[in-house]
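Worksheet: the structure to be examined is printed underneath.
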Amino acid sequence: MNLLFVCSENRLRSPTAEEIFSAYEGIKALGCGTSSAAATAISGDLVSWADIVFVMENSHRNKVGKRFKPLLRGKKLVCLDIPDEYERMDPLLVRLLESRVLPHIPANVRKNSMANR
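First residue of the sequence shown: 6, per my numbering; consecutive thereafter.
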């Protein structure tokens, strides 16, 4: 399963999510940002690659939805409602990400991933 995580600059929240969920068996995770200053900017290729697109805030959902609407057909676009107030790998950020992302992962993938952590 391919998960794409989107924040503003791809420096704190989305790289944290990428690192966490890349460690799960059966999941490939990438992070990107909506800003032109992002370490990795969102692209049509990334959106096409993803099975689920997770955005950190409503502003990201609006930008991604407008820019990539045709590519999002048939995909889940999920807003995690995580504000830009955490450092990379902040333990609270990690807990928030896990609690808000895992319910969107199919049970068979989630079960295999948790067993191998």
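All C-beta atoms in this analysis are idealised placements derived from N, C-alpha and C, irrespective of residue type, glycine included.
All of these numbers come straight from a predicted model, not from anything done at the bench.
Query                                                                                         : Result
For residue 73, three-class secondary structure by DSSP                                       : coil
Buried or exposed by the 16-neighbour rule on C-beta atoms within 10 Å, applied to residue 49 : exposed
Residue 87 and residue 61 closer than 9 Å at C-beta                                           : yes
Coil, strand or helix - residue 31 by DSSP                                                    : coil
Where residue 36 falls: helix, strand or coil (DSSP)                                          : strand
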